[in-house]
Ligand code: WTA
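Numbering (my numbering), first residue to last: 226 to 883.
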């Protein structure tokens, strides 16, 4: 490190706040502090976001809160999301780029709004021709190829909610989601590139079809003109359907604002993932508004969020928000380090990206690879985002300096699959940045911090507690698909008066811990429930445990989150084996294999630890917290409620000697 570097590092490290550069403030979409006052007119302030959209008919009521927590937004309004993301831009921006796609193999596609219109229409016609009707849920299992946003928008056009399953999920996970969503149509592809290899993706569809008791029709796109792997004759080739519908247009279906736009399955505190159901009007309004004010997106920008569209970030801030604003959104198919660790910066330079949006995990990885992979690449970001996990000030500073060249603003955005869009984030021109803190509530959002008894902790006290949201917002989930009871029990029951029909008695529980500092900035600490965050991917400990329980050799299993410098958290699996089973590598491989099989390779555990017994309360409940302390080398804490208080110590001794 040079002397100059040392001074910059130490100056940065001592600084608590960073001002947005003047050039940024001058051009920002949200530069007038009065915006907060406008949104404090609750719920009317949110009309500002709805007015950013084209409506087929105006809403008559902004918010119907007569039946909490089943809130309804922009009631009486009608609109179509595909019209808003495509058709309405054609007059002015038809020949501007909507999607800029780069394959891992170097292939590129520049898809203008005119092209996107044509492809979405043909695909919508194709979906209709195989019997997809309004309100049918279409399950989409596609990687980062243009077919993914095209299929999503085609579904939106005909009013069929989509349920996108991240391509890294296993066949079993796909089958489970197809079953839960009662889907009669699954859309997949022959394969895609990852680290130079062409991955056979059809295999997963084949296995999932063998697994599910439903009999959905499978539609297969191809990555190249011809399929690269064997595709079953039972499947319908999308290319053939498109040939039959060349040049056809499909009138966008007018959807009620409250009609669902999509489902997104996410992990909760039980073994079964929940289908978060998002509405058309409120969701699209909220992601459009936050893309404009928080992401500062303008039509002439080139915006790049290298997340996967298979997670909520991609839905809200690769597809719906950016396209609704008519900008250019970049998609990259492959691994960030293929063929070299400069790939990301080569793309940023080649496409002249202005706005960059990534996760703390990715930042930590770039940091580990070293700035030499960034240097020499000529890109200039005006705005950068982080999402998905708390960011350590050290990683923030590295991002600020080496990626942002100390001239870009950074927004740290806290939100969830359930919230649809950002809830805690600074508006970048209006607040100084503070490394490690998401910052202020987004306009119109009312967070608070409660203690475990449901008492509100005084604002700006610096005391940690449960993060809650006290007022509804348009981007919030409508319900858990097909399970209103679970919607109430997972998010509302704990801090609400569930007998009341007065909306002010209903409080949304985020499941995260947070503190609000004296300066008003919120810092989100991480999950307080049995959900972990592995490299920005959300995983339920119970989901992992039920996968492990599939292995016959296993008597009992418990999963604990271990803190990890790179991935944030990683799962450790503690298992006891059945009588007569030997604790060996084969059993370990079977356990890892079961997780890959039930969830996907990305959920692979850090370690499998064989133990004689698991720490349990007298009533037999496994105390994961103690295992978490062991995994992280922390003090054990109170063990007096245990049936056998010696168990955790034995496990600890064993882990330390292993
Ligand atoms: C965590 C991702 C700290 C949090 C959009 C939340 C964060 C979970 C931040 C949701 C942030 C998200 N700072 N933690 N800026 N953003 N989280 O549903 O624990 O995949 O509950 O949505 O990620 O993960 P999900």
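From the three backbone atoms N, C-alpha and C, an ideal C-beta is built for every residue, glycine too.
Boundaries of the alpha helix (DSSP H) in which residue i is found, first to last residue
i: residue 738; result: Where residue 738 is concerned, there is no enclosing alpha helix (DSSP H), although the beta strand (DSSP E) it sits in stretches over 733-741.
i: residue 709; result: 709-716
i: residue 701; result: Note, residue 701: premise wrong, no alpha helix (DSSP H); not H, not E.
i: residue 768; result: 766-773
i: residue 590; result: 585-594
i: residue 516; result: 506-518
i: residue 339; result: 338-354
Delimiting residues of the beta strand (DSSP E) encompassing residue i
i: residue 487; result: 485-491
i: residue 553; result: 553-557
i: residue 410; result: 410-414
i: residue 445; result: 442-446
Residue i beta carbon near ligand 1 (any heavy atom closer than 8 Å)
i: residue 768; result: no
i: residue 491; result: yes
i: residue 620; result: no
i: residue 762; result: yes
i: residue 788; result: no
i: residue 537; result: yes
i: residue 663; result: yes
i: residue 752; result: yes
i: residue 543; result: no
i: residue 737; result: yes
i: residue 749; result: yes
i: residue 758; result: yes
i: residue 612; result: yes
i: residue 637; result: yes
i: residue 531; result: no
i: residue 674; result: no
i: residue 616; result: yes
Short Cβ contact (9 Å threshold) for residue i with residue j
i: residue 387; j: residue 365; result: yes
i: residue 351; j: residue 699; result: no
i: residue 602; j: residue 570; result: yes
i: residue 513; j: residue 550; result: yes
i: residue 502; j: residue 704; result: yes
i: residue 412; j: residue 445; result: yes
i: residue 605; j: residue 579; result: yes
i: residue 426; j: residue 363; result: no
i: residue 830; j: residue 784; result: yes
i: residue 634; j: residue 873; result: no
i: residue 329; j: residue 419; result: yes
i: residue 395; j: residue 821; result: yes
i: residue 646; j: residue 673; result: no
i: residue 653; j: residue 249; result: yes
i: residue 490; j: residue 498; result: yes
i: residue 361; j: residue 385; result: yes
i: residue 750; j: residue 757; result: no
Own chain residues within Cβ distance below 8 Å of residue i, not counting five before or after
i: residue 354; result: 466, 469, 470
i: residue 687; result: 740, 741, 742, 743
i: residue 620; result: 585, 588, 589, 592
i: residue 543; result: 374, 530, 532, 534, 554, 556
i: residue 404; result: 437, 438, 439
i: residue 819; result: 772, 773, 775, 776
Three-state secondary structure assigned by DSSP to residue i
i: residue 800; result: strand
i: residue 681; result: strand
i: residue 326; result: strand
i: residue 198; result: Given a span of 226 to 883 for the chain in the structure shown, any question on residue 198 remains unanswerable.
i: residue 633; result: coil
i: residue 254; result: coil
i: residue 277; result: coil
i: residue 380; result: helix
i: residue 817; result: helix
i: residue 406; result: helix
i: residue 310; result: helix
Contact set for residue i: own chain, Cβ-Cβ below 7 Å, skip 5 residues either direction
i: residue 226; result: Bear in mind that a pLDDT of 45 at residue 226, under 50, signals an unreliable position, so the number given afterwards is only what the model happens to contain. Cβ within range, chain order: n/a, list empty.
i: residue 347; result: 467, 470, 471, 473
i: residue 720; result: 675, 679, 693, 732, 734
Ligand 2 heavy atom lying under 8 Å from the CB of residue i
i: residue 641; result: Summarising the ligand content, the structure contains ligand 1 and does not contain ligand 2.
Same chain, Cβ closer than 6 Å to residue i, neighbours up to 5 away in sequence not counted
i: residue 326; result: 334, 371, 556
i: residue 289; result: 297, 300
i: residue 613; result: 584, 761
i: residue 562; result: none
i: residue 627; result: 596, 599
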